[in-house]
Structure formats: structure tokens, C-alpha cells
Amino acid sequence: MLNEDYLNFIERIFIKYARIDTRSDENSTSIPTTKGQIELAKLIENDLKKIGVKNIVYDERDGYLVATLPANTDIDSRPIGFIAHLDTADFPADNIHPQVHPVYDGRDVVLNKASNVVMRVSDFPNLKNYKGQRLITTDGTTLLGADDKAGIAAAVTAIKFLIEHPDVEHGAVSFAFGPDEEIGLGAKRFDVEKFKVNFAFTLDNGLPGQLENETFNAAQAKIFIKGTAVHPGNAYGLMINAITLANRLVAALPRDEVPEKSKNRDGFFLVTSFSATITAANLNVIIRDFDKNAFINKKKLLKKVVDQLNSEFDEPKIFIETKDQYHNIADAIQQQPYITDLVLQAYSRLGLETVVHPFRGGTDGNALTEKGIPTPNLFNSGENFHGPYEFVTTQGMLLVAKTIITILEEHHLNSKETAKKFNATEKSGN
20 MLNEDYLNFI ERIFIKYARI DTRSDENSTS IPTTKGQIEL AKLIENDLKK
70 IGVKNIVYDE RDGYLVATLP ANTDIDSRPI GFIAHLDTAD FPADNIHPQV
120 HPVYDGRDVV LNKASNVVMR VSDFPNLKNY KGQRLITTDG TTLLGADDKA
170 GIAAAVTAIK FLIEHPDVEH GAVSFAFGPD EEIGLGAKRF DVEKFKVNFA
220 FTLDNGLPGQ LENETFNAAQ AKIFIKGTAV HPGNAYGLMI NAITLANRLV
270 AALPRDEVPE KSKNRDGFFL VTSFSATITA ANLNVIIRDF DKNAFINKKK
320 LLKKVVDQLN SEFDEPKIFI ETKDQYHNIA DAIQQQPYIT DLVLQAYSRL
370 GLETVVHPFR GGTDGNALTE KGIPTPNLFN SGENFHGPYE FVTTQGMLLV
420 AKTIITILEE HHLNSKETAK KFNATEKSGN
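Each residue of the sequence shown is one higher than the one before, starting from 20 at the first, in the working numbering.
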């Protein structure tokens, strides 16, 4: 399906995209939040135009680049979408120097000899699975950006293949490349009127064969604590130490409901930031749970802790603002079982061992699902995201491209079979 030329192509464009600093900035009010994301979107747009894409639009209002390929068959099928994000996580992303190990030997990888940064197989045993493949790593000083530039490169490669092989029949398909996923803003701003699909797939984190059709429910609580400073020698009955109150608040949360002690379907509380003096403390706490009722109860528990501490004073000293960030996509996906069945068909045809499990996080698919486009997550073949040990293989990225193409082919065949049965029913009815 995809020969050596495509292998070289996907590696070349991935490295080109990876070198652009697209780290998002949650403190920025720009759309996108950083200029590098615009630079990357324009580069992708230019590459797609060279490939031959006619219908492609970059929208400055939401920072999304959307490319659409029309159906090349008369068979009526529901339009499908694929999404990959432009930004990278909050980790150094300037002066990225991807290192290509053409035939990985299965041993420890020296990322940076001068700084003695080594990716050891003993620390990352999955490395052994990639022996003989083209391994792409960082130089030990930055992240790589496989999350999600591996997904972007796969999407662009799949588009190239489809345009160069018009004999591969498919329905209408749209590809969206969006900003600020890592800070949870991109898809919330996405004007889906220009993304005319019935369902879609994100090409985000994960290994081949993975299907994530369930995510956390997520909320963030911003907490401010007002203290009172008095000379320590005269503080009895007068001082209100915001640091002490903050510590008591955190200590009152369930000790075992934290990320480092949770797995599978466990939820958790996580203090993501904490700054304090005697007179003022600021905390950010995120809440995660797959179960809707457990999620609600966690929010209630945090509020109860705040209320209990405030009850010790004549007037409140602790102020909390809690906002939901996204919700579990499971219900929407379960209402359309065809979406999961389609992926399983494609994976089976590709010989992939399917692993269906909940994603302990969120993707752009959460916001898209809430906007009426059910969007589970597939995979992008990368590992160790958001840090200097991030890596991906060229073969792994090409497998993502193959998966996109196979899903489109299977969808077309399913639509063709549905049309055939409908026509047979019509004839028998006559």
C-alpha cells in the first residue's frame, strides 16, 4: 500500500514539522496562543497544496486548518474526519534537533553525549519492540513533538496517497489541524460548521491498535486563601496563616486519590500549582474521574473541605471557583456503535492487536463530541511524550497513515454493502 517512497516522505515532513517551536501558552490571549503554531499551520497548508489538495482553508478566528477531499465514488457514505493538533506541551521546544537512528539496534540510546543523557532500555523497556526500525529521538534537551506532529505527518501522508491513488475509493473526508490542544482551548474554539463530518477520530497519543473511546470527566478548581499577618510575638489568636490553611486543605483530601496511586479507571485529585505567603495562598486543583457520579462527588468533597475550614472563622477566608473542563465521551460513542466497529474492522485487516481502553486524560475529541461530532482517539505511535525521552519510529507513523486509509476503505465497503441491501429491498418491494 505505502512503499519506501512514502516512508521517506513521512520521515522528512515529520522532522520538518518537529523543528518548529509550537509550544502553547496558557497565559496568552492570542489565537493560536503562539506564533509557531501559525507557522506550522501555514507550512502544512503549503505542503497540502503542493500535493494537490484543492479544498483547504486556514481560519484565523479559531486557528484551524481544514482540508477536505471529496468523495471519489457515487456510493453514499457518511463523511469522516481526522484531527491532529499543532501545539506541543509545556516543556522546552525551541531548537529541537531530531536524531534519526536508521536501524535501531535495541540497545541504550545516547541522546546527548556532552550532557550524559541516555535513554536506557532498563528504564524504557518498550524500546526493544522497535529493533530494526528507524527510531527518531530528541537530542536530550527538548521534547520531540511526536505529540502530535506524528499524527500530523501521518494525516498529510495519507492525503498524499489518496490523491496519488484515485483508484482507492472513499467517501468525503476532512482533516483538521488545530491549535492549543495541550492547554484545552483549541477544539472549544473550533467552528465545526466548516468541518462537515458525522464522526471523527483524533490521531493523538498511543500505540498501534489502541482505541480510546472513553475519557475522564475533568474539572479545575482555583482556590484563593486570605490570611492575616501579625508579628509572630503577638500573633496569638490574631494571625491567620494562609500557608497553614492551604496545607490543611490539601491534607484533608483523600490521600490515595492522587495520580501516583491511581490507574485504570481510578479518579484523582491533583494540586497542579501552589504559591503562598502568610497573607495569601493560591492553589489550582484538578479533578478527574470516569464515572459521572464519582466526578460530581469529588467536586462536592472539595467544596465541603473548603466550607469546613471556613466554618472556623467569622467570615470566609477560603474562596473557590470550580469549572468543568470536559466530559467523558463514552455515552456519545456508545450511542453509535458503528464507529467502534469500523475501527475494529480496520485494525483486523491491518493485523493489529486491538486494545480498547479508557484514556486517562482528554483530547480535542471531548470538545468535538460535545459539539455533536463523536470523536474517539486512535494512536500516533509515539512514546514518552512531553519530555526529553520522547520518541517515534518512521514505520510507526506510516502505520498511522495506513490506518487512516484502511478506515476510509472499510467505511466505503460498508456503505457499498448497505446500499446493495437497500437496493435489493427496494426491488423486492416493487
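In this text, a Cβ means the ideal position worked out from N, Cα and C, and glycines have one as well.
**Message:** So Gly246 and Ala299 are supposed to be a Cβ contact under 8 Å. How far apart are they, rounded?
**Reply:** Position 227 of the sequence shown, counted from the start, is the residue given in the question as residue 246. Position 280 of the sequence shown, counted from the start, is the residue given in the question as residue 299. Contact holds; Cβ gap of about 6 Å.
**Asked** Taking C-alpha atoms, which residue in Leu146, Glu428 and Gly228 lies nearest to His376?
**Response** Indexing the sequence shown from 1 puts residue 376 at position 357. With distances taken between Cα atoms, His376 lies closest to Gly228.
**Asked** When burial is assigned at 16 or more other CB atoms within 10 Å of the CB, is Glu451 buried or exposed?
**Response** Residue 451 is absent from the model: the chain starts at 20 and stops at 449.
**Request:** Locate the beta strand (DSSP E) running through Gly100, then write down its first and last residues.
**Result:** Along the sequence shown, read from residue 1 onward, the residue named residue 100 stands at position 81. From DSSP, the beta strand (DSSP E) with Gly100 extends over Ile99 to His104.
**Beta-bridge pairing of Asn74 - partner residues as DSSP gives them** = Residue numbering aside, residue 74 sits at position 55 when the sequence shown is read from its first letter. The beta-bridge partner set that DSSP reports for Asn74 consists of Thr87.
**Prompt:** When the distance is taken between beta carbons, is Ile339 closer than 9 Å to Lys317?
**Reply:** As a first step, residue 317 must be located in the sequence shown, where it is residue number 298. As a first step, residue 339 must be located in the sequence shown, where it is residue number 320. It is not a contact, given that the beta carbons lie outside the stated cut-off.
**Request:** Name the one or two DSSP bridge partners that Ala240 has.
**Result:** Within the sequence shown, the letter at position 221 stands for residue 240. Paired residues: Val304 and Thr341.
**Request:** Could you name the residues of the same chain whose beta carbon sits closer than 6 Å to that of His346, not counting the 5 residues immediately before and after it, in chain order?
**Result:** As a position in the sequence shown, residue 346 is number 327, starting the count at 1. For His346, same chain residues with a beta-carbon under 6 Å away, outside a window of 5 residues either side, are Asn236 in chain order.
**Message:** Can you determine whether any heavy atom of the ligand ZN sits closer than 8 Å to the C-beta of Asp109, and answer yes or no?
**Reply:** This structure simply doesn't include the ligand ZN, nor any ligand for that matter.
**Message:** Under DSSP, the alpha helix (DSSP H) around Val269 begins and ends at which residues?
**Reply:** As a first step, residue 269 must be located in the sequence shown, where it is residue number 250. For Val269, the uninterrupted alpha helix (DSSP H) segment begins and ends at Ala261 to Ala271.
**Item:** Three or more C-beta pairs below 8 Å linking the stretch 87-97 and the stretch 181-194
**Value:** Yes, they touch.
**Prompt:** Per the contact definition of three or more C-beta pairs closer than 8 Å, is the stretch 200-217 in contact with the stretch 385-394?
**Reply:** At 8 Å Cβ cutoff, the stretches touch.
**Request:** Buried or exposed for Asp166, please, with buried defined as at least 16 other CB atoms from any protein chain shown within 10 angstroms of its CB.
**Result:** Counted from its first residue, the sequence shown places residue 166 at position 147. Here Asp166 is buried: its Cβ has 16 or more other Cβ atoms, across all protein chains shown, within 10 Å.
**Prompt:** Within this structure, are the beta carbons of Phe404 and Thr221 separated by less than 9 Å?
**Reply:** Start at 1 with the first residue of the sequence shown, and residue 404 comes out as number 385. Start at 1 with the first residue of the sequence shown, and residue 221 comes out as number 202. No.
**Asked** Going by Cα to Cα distance, which pick from Ser96, Asp326, Phe143 and Gln56 is closest to Glu79?
**Response** By 1-based counting over the sequence shown, the position of residue 79 is 60. When each option's Cα is compared against that of Glu79, the closest is Gln56.
**Prompt:** In whole angstroms, what is the alpha-carbon distance linking Glu276 and Tyr25?
**Reply:** As a position in the sequence shown, residue 276 is number 257, starting the count at 1. As a position in the sequence shown, residue 25 is number 6, starting the count at 1. The alpha-carbon atoms of Glu276 and Tyr25 are separated by roughly 46 Å.
**Request:** Give the DSSP-derived three-state secondary structure of Ala295 in the structure shown.
**Result:** Position 276 of the sequence shown holds residue 295. Of the three classes helix, strand and coil, the one that applies to Ala295 here is strand, per DSSP.
**Request:** State buried or exposed for Glu233, treating a residue as buried only when at least 16 other CB atoms are found within 10 Å of its CB.
**Result:** Position 214 of the sequence shown, counting from 1, holds the residue named residue 233. Buried, because 16 or more other Cβ atoms sit within 10 Å of the Cβ of Glu233.
**Request:** Go ahead and label Gly151 buried or exposed: buried means 16 or more other beta carbons lie within 10 angstroms of its beta carbon, across all protein chains shown.
**Result:** Residue mapping note: residue 151 aligns to position 132 of the sequence shown, counting from 1. It is exposed - the Cβ of Gly151 has fewer than 16 other Cβ atoms within 10 Å.
**Asked** In terms of residue numbering, what span does the alpha helix (DSSP H) encompassing Phe180 cover?
**Response** By one-based count along the sequence shown, residue 180 stands at place 161. Unbroken alpha helix (DSSP H) run through Phe180: Ala165 to Glu183.
**Asked** So what does Lys245 bridge to, in DSSP terms?
**Response** The sequence position of residue 245 within the sequence shown is 226, counting from 1. Ala299, per the DSSP bridge assignment.
**Message:** If you follow the beta strand (DSSP E) that Ala219 is in, where does it begin and where does it stop?
**Reply:** As a first step, residue 219 must be located in the sequence shown, where it is residue number 200. Looking at the DSSP string, the run of the beta strand (DSSP E) that includes Ala219 is Phe218 to Thr221.
**Asked** In terms of residue numbering, what span does the beta strand (DSSP E) encompassing Leu130 cover?
**Response** What you label residue 130 is simply residue 111 of the sequence shown in a count that begins at 1. Where Leu130 is concerned, the enclosing beta strand (DSSP E) stretches over Val128 to Asn131.
**Message:** Could you tell me the alpha carbon to alpha carbon distance between Asp142 and Arg126, rounded to whole angstroms?
**Reply:** Translated into the one-based positions of the sequence shown, residue 142 becomes position 123. Translated into the one-based positions of the sequence shown, residue 126 becomes position 107. Straight-line Cα distance between these residues: approximately 12 Å.
**Item:** Thr291 versus Thr161 - alpha carbon distance
**Value:** The count along the sequence shown starts at 1 and reaches residue 291 at position 272. The count along the sequence shown starts at 1 and reaches residue 161 at position 142. Their backbone Cα atoms lie some 22 Å apart in a straight line.
**Request:** Pull up the distance between the alpha-carbon of Ala238 and that of Asp383, whole angstroms please.
**Result:** As a first step, residue 238 is located in the sequence shown; it is residue number 219 there, counting from the start. As a first step, residue 383 is located in the sequence shown; it is residue number 364 there, counting from the start. Within the model, the alpha-carbon separation for Ala238 versus Asp383 is close to 16 Å.
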